[in-house]
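Numbering (our numbering), first residue to last: -15 to 637.
Accompanying notes for the structure given below.
Right under this line is the structure:
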C-alpha cells in the first residue's frame, strides 16, 4: 500500500529541475577545456618533430637514404607517407643522394616487372610444351631409356687430350662456339688430327676445303665419339660434312668387320625436309664414297636416295644389293617402312637435317613414327640454322647425353650477307624486279611465297629475255631436277622458287638473293638469304616489303638487321611494338617459341596461329570421333542391321 501511494504521489507532483547559475556553467566548461588544451608550437619545432617521426637521425643522414625508413604510427595512406618521406629528403639530404635513391627505386620496380614477365613466359612455354617425349611408341610403352652413349672405335689424339681444359675453352671463346652437355669432347682444328683417311682429306681439298669451320671443329669430334648432338650454326657453315664424314667412317668400320649382304641395311639414315636438299646430300655422300673406293682400295660404301616423284623400283634394286647409307624425305620413307619394303633393324645412325622444320607444327608425329621402326639404340643428330629454345628442349627428350654445339645465336643471319630492304608497292614489284637484277652479276635466286607468283615471275622474265628457270611443289620431280641442274651448271642465270629451295641448298657463287615478298616466318627469311654469302664469300639480299606485310614479321626483321649491324630503312625503324622494353628480358633474346627478335612469347603470332588452328579442329575431331564410334558400334551388332544402315546411307547419298 505504501508503494502505491508513493507512486501516485510522484505522478501528481513531478521533481523540479535544480537551478544553475551562468558562472557555474562557465567554470565547468573551462575545466573541460583544460583537459584538451594543446599549447602552440613554433614552425621550427614542428619540423623537427616531423623529421623525428620520419626517423631522420644524424647517423642515418650520414649513412644515406638506405637507413631512412618511415616509422610513423599514423593511419595515413602510402601516398601520404611517400609525400612526408620526400619532404624529409628535400630538407636533409643532398640532391645527389636523392637521385641515387630514386634510381634504386626505379631499378627495383623494373626488376619486379621483369620477374613478372619471365614468370608469365615460363607459364606459357610450359603450357605449350610437348608432354610426351620424342621417342618411338614401343620405347614409350616399355619405358626404355638409354643412359650410355654408343661406343665407337675413334679416340681423340693424345696430344689433344693432354691439353688443359682451359685451353679448349679459350679456343671455343675465340671461335664463338657455345657448348652444352657433360664430358664434351675436345675441339680439334685439323682434319688430319681427326684421323680421317688420306682419300677423304684429298677429296676435301679438291672441293677447296682445307681447314674445318667452327661447327666442324667441335661437331666432328662429338659425332665421331658416338655422342648424340644438336648442331646449330648459320647457313653455309659446313654442317653437312659434320654428319656425312663420321657416317662414312662408321660404315667403313662395319663393312671391314662384317660385309653387308643382300637386303641388309641401311646402317645410317639421313632425313631431309625437301627433295632438293635430299638429292644434294646424296650427291655429297656419293662423291666421298667414290673418293674412298677409287684412291685407297677400301671397301665400297653403297648409298641410296629415297624421295617422292621417282620410281620406287630403282630404289628397291639398290636396297636389294645391301645399302649402307640412305638419304630420304619423310613421306617416301614412311611409305616404304609401312609397306615393309625396307627395315631399320640394323640402323644405328640417324640424322635429321633442318630438324626444326620436321619437329615443328605437326611434324613431330612423323618423326615419332620413324623412331618406332628402330630395333635398338641409335646415335641421333639434329642440325639446323634456326632452332628455338622450345624445339631444343623438346628434341633433347630423344637424345642420350646430348651435346649442343651452337656457333653464334640460333636463328641469326649470316654476317657475310649485305641485307637491303626496299619499300615497293604490290603492283610495282614485278617491274622493279628488273632493276634489282642489275645490282650484281648472275646467278640470282628469286623467292616468292605462292606458286602462282613463281610462275608469273618466270613468264615475265622469259618475255624480257632473261634466262630463267622455276621450281615449286606443283611441278613434277623430273622438271624440278632439270631446272636445278641447269642453274647449278651455269646454263641459266636466274632461278625462281618457293621455299622448297630455301633450306640447305648449296648453289655455287650466288651473288644475289631477291625476296619478292616477305615470308610469313622470320626463320624462312634467314634460310632464304643464307643461299648467298656462303663459305666465307659475300653476297647481297634484297627484300620487298609494303603495307600488306605482317607487322610482327617486320618487327622481327628490324631487330634482325640491328643485330647484324645492317642499314635499317626509316620506314622500318619507325615501327614500334607495345612491349618494346621487354624484348631482351632474361637470358633469352626475343621469343622462346619461334626465335623472332621483335616480340616475346606473350605476343608470338606463330603460337597464336597454332592455338587458333587447334581450336578450329576441336569440333571437327569430335565429329569424326563420334562417327567412328557409330561405325564401331555397328560392327559389334548383328549383320542385318549393319546392312540396313549401309543401304540407308547409300539411299540418302
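The beta-carbon is built from N, C-alpha and C at its ideal position, and this holds for glycine as well.
*asked:* Pairs of beta-carbons, one from the segment 255 to 275 and one from the segment 317 to 337, closer than 8 Å: are there three or more?
replied: yes
*In terms of alpha-carbon separation, which member of 152, 162, 384, 195 lies closest to residue 391?*
Reading the chain shown from its first residue, position 407 is the one you call residue 391. For the residues 152, 162, 384, 195, the minimum Cα distance to residue 391 belongs to 162.
_Burial state of residue 460, where buried means 16 or more other Cβ atoms lie within 10 Å_ = If you number the chain shown from 1, residue 460 lands on position 476. In the assembly as shown, residue 460 is an exposed residue. Its beta-carbon has fewer than 16 other beta-carbons within 10 Å.
*Got a sec? Which residues, its chain only, sit under 8 Å from residue 556 by beta carbon, not counting five neighbours each side?*
Taking the first residue of the chain shown as position 1, residue 556 is located at position 572. Excluding sequence neighbours, residue 556 sits near 405, 529, 538, 541, 542, 545.
*asked:* Could you check whether residue 517 and residue 338 sit closer than 8 Å to each other, using their CB atoms as the reference points?
replied: Here residue 338 is taken as the residue at index 354 of the chain shown, counted from 1. Here residue 517 is taken as the residue at index 533 of the chain shown, counted from 1. Going by C-beta atoms, residue 338 is not nearer than 8 Å to residue 517.
*When the distance is taken between beta carbons, is residue 367 closer than 8 Å to residue 335?*
Counting from one through the chain shown, the residue named residue 335 turns up at place 351. Counting from one through the chain shown, the residue named residue 367 turns up at place 383. Taking 8 Å as the Cβ cut-off, residue 335 and residue 367 qualify as a contacting pair.
*What are the boundary residues of the alpha helix (DSSP H) that includes residue 166?*
On the chain shown, position 182 is the one that residue 166 refers to. From DSSP, residue 166 is part of no alpha helix (DSSP H); its letter is neither H nor E.
*What residues in its chain sit with their C-beta under 8 Å from that of residue 493, if we drop five residues either side in the sequence?*
Counted from its first residue, the chain shown places residue 493 at position 509. Here the set comprises 427, 521.
*Three-state class that DSSP yields for residue 294 in the structure shown*: Counting from one through the chain shown, the residue named residue 294 turns up at place 310. Residue state, collapsed to three classes: coil.
*Does the Cβ of residue 168 have 16 or more other Cβ atoms within 10 Å, making it buried, or fewer, making it exposed?*
Indexing the chain shown from 1 puts residue 168 at position 184. When all chains shown are included, residue 168 counts as buried.
*Can you pull the DSSP bridge partners for residue 498?*
If you number the chain shown from 1, residue 498 lands on position 514. Per DSSP, the beta-bridge partners of residue 498 are 430, 526.
*Selected residue, minimal CA-CA separation from residue 200, among 184, 249, 171, 444*: The residue labelled residue 200 in the question sits at position 216 within the chain shown. Among 184, 249, 171, 444, the Cα nearest to that of residue 200 is on 171.
*asked:* For the beta strand (DSSP E) containing residue 252, name the first residue and the last one.
replied: Here residue 252 refers to the residue found at position 268 when the chain shown is read from its first residue. Run containing residue 252: 252 to 255, per the beta strand (DSSP E) assignment.
*How is residue 474 classed by DSSP in three states: helix, strand or coil?*
Looking up residue 474 in the chain shown gives position 490. Residue 474: coil per DSSP, three-state reduction.
*Kindly confirm or deny that the segment 261 to 277 and the segment 231 to 241 touch, where touching means at least three C-beta pairs closer than 8 Å.*
Because the criterion of three Cβ pairs below 8 Å is met, the segment 261 to 277 and the segment 231 to 241 touch.
*When the Cα of residue 278 is compared with those of 181, 294, 361, 132, which residue comes out closest?*
Within the chain shown, residue 278 is the residue found at index 294, counting from 1. Ranking the options by Cα distance to residue 278, first place goes to 181.
*Mind the definition here: the segment 451 to 460 touches the segment 468 to 485 only if three or more C-beta pairs lie below 8 Å; say whether that holds.*
yes
_Other residues of its chain near residue 353: CB distance less than 7 Å, five sequence neighbours each side excluded_ = Here residue 353 corresponds to residue number 369 of the chain shown, with the count starting at 1. So the qualifying residues of the chain are 318.
*DSSP bridge partner residues for residue 146 (one or two, in chain order)*: The count along the chain shown starts at 1 and reaches residue 146 at position 162. In DSSP, residue 146 forms no bridge with anything.
*asked:* Is residue 490 a contact residue of the ligand PLP, with contact defined as CB to any heavy atom under 7 Å?
replied: Because no ligand of any kind appears in the structure shown, any question about the ligand PLP cannot be addressed here.
*Would residue 364 count as contacting chain C if we go by Cβ distances under 8 Å?*
Among the chains in the structure shown there is no chain C, since it carries only a single protein chain.
*Please name the residue or residues paired with residue 638 in a DSSP beta bridge.*
The displayed coordinates of the chain run from -15 to 637. Any statement about residue 638 would go beyond what the structure contains.
*In whole angstroms, what is the alpha-carbon distance linking residue 205 and residue 273?*
Here residue 205 refers to the residue found at position 221 when the chain shown is read from its first residue. Here residue 273 refers to the residue found at position 289 when the chain shown is read from its first residue. Cα-Cα distance, rounded: 20 Å.
*Based on the DSSP output, what are the partners of residue 403 in its beta bridges?*
Along the chain shown, read from residue 1 onward, the residue named residue 403 stands at position 419. Beta-bridge pairing links residue 403 to 525.
*Counting pairs of beta carbons, one from the segment 131 to 149 and one from the segment 215 to 222, are three or more of them closer than 8 Å?*
no
_Rounded Cβ spacing between residue 306 and residue 246 (contact assumed at less than 8 Å)_ = Translated into the one-based positions of the chain shown, residue 306 becomes position 322. Translated into the one-based positions of the chain shown, residue 246 becomes position 262. The beta-carbon distance between residue 306 and residue 246, rounded to whole angstroms, is 6 Å. This is short enough to meet the 8 Å contact definition.
*Quick one, which of 500, 444, 198, 303 has its alpha-carbon nearest residue 326's?*
Looking up residue 326 in the chain shown gives position 342. If we check each option's Cα against that of residue 326, 303 comes out closest.
*asked:* Assuming the contact rule is C-beta atoms closer than 8 Å, residue 385 and residue 133 should be a hit. Round their C-beta distance to whole Å, please.
replied: Numbered from 1 along the chain shown, position 401 holds the residue referred to as residue 385. Numbered from 1 along the chain shown, position 149 holds the residue referred to as residue 133. The pair is a contact, with the Cβ atoms about 5 Å apart (cut-off 8 Å).
*C-alpha gap between residue 433 and residue 508, whole angstroms*: For this step, residue 433 is matched to residue 449 along the chain shown. For this step, residue 508 is matched to residue 524 along the chain shown. Their backbone Cα atoms lie some 10 Å apart in a straight line.
*Indicate the three-state DSSP secondary structure (helix, strand or coil) for residue 214 in the structure shown.*
For the purposes of this step, residue 214 is taken as residue 230 along the chain shown, with counting starting at 1. DSSP places residue 214 in strand when its eight states are reduced to three.
*Work out the CA separation of residue 550 and residue 59 for me, nearest whole Å.*
Counting from 1 along the chain shown, the entry for residue 59 is found at position 75. Counting from 1 along the chain shown, the entry for residue 550 is found at position 566. Caution applies to residue 59, whose pLDDT of 45 falls short of 50 and renders its modelled position unreliable; the model cannot decide the point.
*So, are the CB atoms of residue 196 and residue 175 less than 8 Å apart?*
On the chain shown, residue 196 is found 212 positions in, with the first residue counted as 1. On the chain shown, residue 175 is found 191 positions in, with the first residue counted as 1. In contact: residue 196 and residue 175 (Cβ atoms closer than 8 Å).
*Have a look at 92, 81, 264, 156 and flag the residue whose alpha-carbon is nearest the alpha-carbon of residue 465.*
Within the chain shown, residue 465 is the residue found at index 481, counting from 1. Of the listed residues, the one whose Cα sits closest to residue 465 is 264.
*Using the Cα positions of residue 412 and residue 531, report the straight-line distance between them to the nearest angstrom.*
The count along the chain shown starts at 1 and reaches residue 412 at position 428. The count along the chain shown starts at 1 and reaches residue 531 at position 547. Approximately 13 Å, taken between the alpha carbons.
*Are the beta-carbon atoms of residue 705 and residue 285 separated by less than 8 Å?*
Since the first residue of the chain shown is -15 and the last is 637, residue 705 is not available in this structure.
*asked:* Short of 7 Å in beta carbon distance, which residues of its chain neighbour residue 519, apart from the five on each side in sequence? Order them along the chain.
replied: In the chain shown, the residue the question calls residue 519 occupies position 535. Contacts found: 220.
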